[in-house]
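Have a look at the structure below before the remarks.
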Amino acid sequence: MLKRYGVWIAAALILVILPQIFDSGFAITMLSEMCIAIIFALSYNMLLGQGGMLSFGHAVFYGFGGFISIHAINVVNDGGVPIPLELIPLVGGLAGFIFAIPLGYISTKKAGTTFALISLGLVELVVACVLLFPSFFGGEEGVSGDRMLEFSLTGVGFGSGIEVFYLIAFWLIVTSALMYLQTQTPLGRMANAVRDNPERAPFVGYNIHLVRFFQFSLSGFFAGIAGGLLAINYEIVNSEMIGAAASGHVLLMTYIGGVGHFFGPILGAILYTFLHLTLVNITMAGQIYLGVLFIVIILWAPNGMAGIIMVHRPLWQAGLIRGLLPHYLVALAAGLVVFFGAMILVEINYHLSLSIEPDNPIRLFGVEFKANSWPPWIVSIGLILVGFFLLRPIMKNIRLKWDELTREMQKGKFA
Amino acid sequence: MTHEIALNLVDVHKSFGESQIIRGIDLAVEKGERHAIIGPNGAGKSTVFNLISGYYPLSDGKIELNDQVINGLEPFQINRLGLSRSFQVTNLFSRLSVFENVRCALLWSAGYKYSFWQLVGQQKQLNEKTKEIVDQFNMSHRSQTPVGELSYAEQRALEIGITVAGGAEVILLDEPTAGMSHSETEQAVDLMKFVSEGKTLVVVEHDMGVVFDLADRISVLVYGKIIATDTPDKIRSNKSVQEAYLGQLEEV
Amino acid sequence: MEFYVISLLNSLVFGMLLFMLSSGLTLIFGMMGVLNFAHASFYMLGAYFAFQISQFAGFWTALVIAPILIGLLGAAVERFGLRTVHKHGHVAELLFTFGLAFMIEELILLIWGRVALNYQVPSSLDFTIFRLFESDFPVYRLFMLAISVFIFVVLYLLLTKTRTGIIIQASLTHPEGVGMLGHNVPRIFMLVFGGGSALAGLAGVIGGNYLMTSPSMAILLGPIVFVVIVIGGMGSLTGALIASLLIATLQTFAVGYDYSLIDLLAVFNIELGPEPWFPDLWRIKVENTGPLLPYLLMVIMLILRPKGIMGERES
Ligand SMILES: Nc1ncnc2c1ncn2[C@@H]1O[C@H](COP(=O)(O)OP(=O)(O)OP(=O)(O)O)[C@@H](O)[C@H]1O
Ligand SMILES: [Mg+2]
Chain A
894 MLKRYGVWIA AALILVILPQ IFDSGFAITM LSEMCIAIIF ALSYNMLLGQ GGMLSFGHAV
954 FYGFGGFISI HAINVVNDGG VPIPLELIPL VGGLAGFIFA IPLGYISTKK AGTTFALISL
1014 GLVELVVACV LLFPSFFGGE EGVSGDRMLE FSLTGVGFGS GIEVFYLIAF WLIVTSALMY
1074 LQTQTPLGRM ANAVRDNPER APFVGYNIHL VRFFQFSLSG FFAGIAGGLL AINYEIVNSE
1134 MIGAAASGHV LLMTYIGGVG HFFGPILGAI LYTFLHLTLV NITMAGQIYL GVLFIVIILW
1194 APNGMAGIIM VHRPLWQAGL IRGLLPHYLV ALAAGLVVFF GAMILVEINY HLSLSIEPDN
1254 PIRLFGVEFK ANSWPPWIVS IGLILVGFFL LRPIMKNIRL KWDELTREMQ KGKFA
Chain B
6 MTHEIALNLV DVHKSFGESQ IIRGIDLAVE KGERHAIIGP NGAGKSTVFN LISGYYPLSD
66 GKIELNDQVI NGLEPFQINR LGLSRSFQVT NLFSRLSVFE NVRCALLWSA GYKYSFWQLV
126 GQQKQLNEKT KEIVDQFNMS HRSQTPVGEL SYAEQRALEI GITVAGGAEV ILLDEPTAGM
186 SHSETEQAVD LMKFVSEGKT LVVVEHDMGV VFDLADRISV LVYGKIIATD TPDKIRSNKS
246 VQEAYLGQLE EV
Chain C
4 MEFYVISLLN SLVFGMLLFM LSSGLTLIFG MMGVLNFAHA SFYMLGAYFA FQISQFAGFW
64 TALVIAPILI GLLGAAVERF GLRTVHKHGH VAELLFTFGL AFMIEELILL IWGRVALNYQ
124 VPSSLDFTIF RLFESDFPVY RLFMLAISVF IFVVLYLLLT KTRTGIIIQA SLTHPEGVGM
184 LGHNVPRIFM LVFGGGSALA GLAGVIGGNY LMTSPSMAIL LGPIVFVVIV IGGMGSLTGA
244 LIASLLIATL QTFAVGYDYS LIDLLAVFNI ELGPEPWFPD LWRIKVENTG PLLPYLLMVI
304 MLILRPKGIM GERES
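Chains as they are written, first to last, in our numbering: chain A, 894 to 1308; chain B, 6 to 257; chain C, 4 to 318.
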């Protein structure tokens, strides 16, 4: 019992406590965004991780969920239909689901590259519609609404950020539990099977197009819920939410977190949202760091953060993980050297190309210098080279140590 | 003894572009029969399976399963009518475990369709049946292993397991014992006999020992045509078969 | 009449530019199964490189050097990036090129900044070649057309007259035929990827000053190029050519019509009430649908003929 529900109870407790500890406006905003991003990323992983469908247009359903929700809020406020705010995300979910049906039906006939291309075409189609249908999308400025509805199931007014956070957290728990359970259903399992071998699946009786299509539609539903929550959180929805960029973000966060495990997208969404929101305040080059992280993960850790964690699990359980720690610390140090070098390079370049006064000195770590003088360039390139040459033998050592520990672990198993 | 026909091929043709690969095949497999198809490499044996199971469209001709025309149907539709096939090159759900592979092969026939409201873990009958098949194929100790990590012989065995799991009445096996050692082959033959009990089995095989041990009747396919269909003894003494096979049959 | 002739010429110019991009993409996809998401980014880099080079050495040098540099860059990407992720499958390769596209855009922001560059048509080509009816037709468009036709001819000759070319072409429809290249396969892949990238770069050099050179140029044109290869049929060069011209024609001609559904209904003497359903829908003018048309065409194509115009192979 505790084993089975323990994780969920713990998650719920954390969600209750967190905003009590981090109670600044910025923290609450960030927590809310993280929770929404988790739902969105989990729904994306229903496609990519579970079904092997790489979509460049998942934000369409997120966006439609958002737009329909904000319109629903306005309708309720105009006295149209009495829907309590707590259930507005469900309206968003249904919107995502309904839009996913036609779009999913035509795009899931193929998987792989063709599916990816079609998803890109469809998102562009929707984006092109934004300007043509101003009364639905609200043109450039978007659609806004007032979330403090007359109707409420709980009696909460949702005037403050923290009240909204708890609503989001509630939906996070519900949707992630549902999405987790979905992986355990016949459809969820067949989605895995079709992902692994679309050639064989028809010969056990399944129409792979329909498996993908149903998986896609459900994923649209959960994306729509995430979109509805975003609409409630910001009380405004604009076309940014629906386009290729938003779709790219969810792809990045999901992949960085790891598509092979259920908790991967959760990690990814938390890290990505955190970096995204904090980097924006610190540097103009935030996107670059996220992009580098993504490429590093693709090249060297295709199962993302969750994959990295899971390969260490056997060693952890065998109590051997400590042998690796010193090596990792050294590698981290060398990695940081490269990173600092690259960072200085990026920052001085951004300063030169984007700031209003490139001739003004730039401040990094409390040091002030001129970006268009040569010492910072030499320092940064030097750091990159030094770190790089240090890293190579260190990585080799880690591999050796890894093999040694694995052997030790296997010996232990049979002894 | 009744002579109901389970699988009936009538003047089946298949060309890939210019090249005619199957050049007019007639074949009637009786219900409950164990039928072997033999022939040299490239004769078109796998292609025949691909045509029957709906993997390739026919160029000409007709295929019937229990008197129902099945050519033109999708593979999944043919499978639902009770025909299941294995592949010459192992074709499994690579990242799923042995248990999951078998369970996926059972889902449709157990009637779960595209259900997203039932949890597979809670379906007692389904899991028992799965376990039974895993045990039958001597894989209980590998139950949780991803099939990508299995040995070759284990993968071949599972290939058969997945094919028969759904309980299809007509089973097509494409070189089930290819690449197996002598003892593994023996085990596999016993298994095939056991799982095809009361069912119709069509098997493509190069190992003549297996063929003569297993088959009620044998068809010889050479260069896209069936040159003979008969009982094992008569096939052994058939002149044109011997010519095509250059004495390979003597050794048996 | 005037409108038709001018629009037709413009469609041809834009269509051939699209084909220069989509042909490289199709070749790479057909041979290697890799969808290069960064293809349009190479196009953008072509324009930026050309701008930078032409600052020192003039447009004509840039016209030669920039595509070569982009080609080398593409070859390096294949050699050091794609090959590493190849073992994880085509989706991983696609993800890698997606990451690359993301990075290239950011790096361009980093180096050249956010605003559009002042990359101009060279003065030697900046005059009117003829007047058609009332409007001038700039010589630069003719130059673009000449270059793209020239490239088209070269590509055609390479693919039909050289041994490697014939195998490359054959492997577009029969990927297993790549094996006929023997031990050369990795090198040919690098060549095709580099060559395709160079074509994209060239398109950037001659398109950047005609359209606009800004960090958003990849995002603006990229999806259209992808749609071209879906509509043309994945892996078909002829299909890519037809689809390029088709989309260019649609987009160019759409601009000239300011009709809407209301006008259409008026022909049948139907008038909408003061508050119709979907008020926007009836008011949309054909001239504003340009950005939408390629994607609409794709959807229609997917419903009617999922393989595309000339597509033969299932992906
Ligand atoms: N999809 C295809 N496209 C073109 N030719 C094909 C295709 N499938 C099979 N062939 C050709 O058809 C012929 C018969 O192939 P098939 O695989 O059916 O032979 P087989 O009898 O099963 O041989 P083996 O004993 O080697 O398995 C071969 O020449 C093969 O090249
Ligand atoms: Mg065969």
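Even glycine gets a Cβ: it sits at the ideal position worked out from N, Cα and C.
As the structure is a computational prediction, the values presented were derived from the model and not from experiment.
Leu70/B versus Leu88/B: straight-line alpha-carbon distance, rounded: If I take the Cα positions, the gap works out to 8 Å.
Where Arg161/B sits in the DSSP three-state scheme: helix
Lining residues of ligand 1 - beta-carbon closer than 6 Å to any non-hydrogen atom, in sequence order: With the cut-off at 6 Å, the residues found are Phe21/B, Ile26/B, Gly44/B, Asn46/B, Gly47/B, Ala48/B, Gly49/B, Lys50/B, Ser51/B, Thr52/B, Gln93/B.
Chain A within 8 Å of Ile73/C, Cβ atoms only: No - not a single Cβ of chain A is within 8 Å of the one on Ile73/C.
Short-range partners of chain B found in the segment 1069-1087 of chain A, where Cβ spacing is below 8 Å: Leu1074, Gln1075, Gln1077, Thr1078, Pro1079, Leu1080, Gly1081, Arg1082, Met1083, Asn1085, Ala1086
CB contact check: Asn143/B to chain A, cutoff 8 Å: no
Proximity of Tyr103/B and Ser156/B at Cβ, strictly below 8 Å: The sequence shown places Val at residue 103/B, not Tyr. For Val103/B and Ser156/B, no; Cβs fall outside 8 Å.
Start and end residues, beta strand (DSSP E) containing Ser962/A: Premise fails: Ser962/A lies in the alpha helix (DSSP H), 952-970, not in any beta strand (DSSP E).
Assigned secondary structure, Asp179/B (DSSP; H/G/I helix, E/B strand, else coil): Looking at Asp179/B - three-state DSSP - the assignment turns out to be strand.
Three-way DSSP call (helix, strand, coil) for Glu979/A in this model: Note: Glu979/A maps to helix in three-state DSSP.
Per-residue contacts from Pro80/B into chain A (C-beta, under 8 Å): Pro1095, Phe1096
is_contact[Leu299/C, chain A] using C-beta, thresh 8 Å: yes
Pair within 8 Å by beta-carbon distance, Ser1110/A and Phe1008/A: no
Pro1095/A beta carbon less than 8 Å from that of Asn84/B: Cβ atoms of Asn84/B and Pro1095/A: closer than 8 Å.
Within chain D, the residues that Pro1219/A reaches when beta carbons sit closer than 9 Å: In the structure shown, chain D does not exist; the protein chains are A, B and C.
Residues sharing a beta bridge with Pro141/C, DSSP: Thr131/C
Any C-beta of chain C under 8 Å from that of Asn1242/A: yes
Cα-Cα separation between Glu1128/A and Val1185/A, rounded to whole angstroms: Rounded to the nearest whole angstrom, the CA to CA distance from Glu1128/A to Val1185/A is 33 Å.
Members of the segment 1122-1142 of chain A near chain C, C-beta cut-off 9 Å: Ala1137, Ala1138, Gly1141
Given Gln254/C as reference, the closest of Lys310/C, Pro189/C, Thr292/C once Cα atoms are compared: Thr292/C
Interface positions of the segment 83-116 of chain C facing chain A (Cβ-Cβ less than 8 Å), listed along the chain: Answer set for the segment 83-116 of chain C: Gly84, Thr87, Val88, His91, His93, Val94, Ala95, Leu97, Leu98, Phe99, Phe101, Gly102, Leu103, Phe105, Met106, Glu109, Leu110, Leu112, Leu113, Ile114, Trp115, Gly116.
Cβ contact (3+ pairs, closer than 8 Å) linking the segment 1199-1219 of chain A and the segment 1149-1157 of chain A: yes
Validate contact between the segment 32-40 of chain C and the segment 95-109 of chain C using beta carbons, cut 8 Å, 3 pairs: yes
Close beta carbons around Met144/B, own chain, < 6 Å, minus the five adjacent residues each side: Val103
Closest by C-alpha distance to Arg308/C, when choosing among Thr1078/A, Leu1245/A, Ile999/A: Ile999/A
Straight-line Cα distance separating Leu1229/A from His146/B: So the alpha carbons of these two residues sit roughly 45 Å apart.
Val900/A beta carbon near ligand 3 (any heavy atom closer than 7 Å): In the structure shown, ligand 3 is absent; the only ligands present are ligand 1 and ligand 2.
Selection of the segment 1096-1122 of chain A by Cβ proximity to chain B, strictly under 7 Å: Of all residues in the segment 1096-1122 of chain A, Phe1096, Val1097, Gly1098, Tyr1099, Asn1100, Leu1103, Val1104, Phe1107, Leu1111 have a Cβ within less than 7 Å of some Cβ in chain B.
Contact test: Asp212/B Cβ vs ligand 2 heavy atom, cutoff 7 Å: no
Local conformation of Gly1151/A per DSSP, three classes: Gly1151/A carries a coil assignment under DSSP once its states are collapsed to helix, strand and coil.
Proximity of Gly74/C and Gly225/C at Cβ, strictly below 8 Å: no
Per-residue burial, Leu178/B [other beta carbons within 10 Å of its own, 16 or more giving buried]: buried
C-beta contact flag for Ile154/C and Leu214/C at 8 Å: No, they are not a contact pair.
Endpoints, the alpha helix (DSSP H) within which Lys244/B is located: 244-250
Paired residues, beta bridge with Lys19/B - DSSP: Ile27/B
Buried/exposed call for Met1041/A, threshold 16 Cβ in 10 Å: Classification for Met1041/A: exposed.
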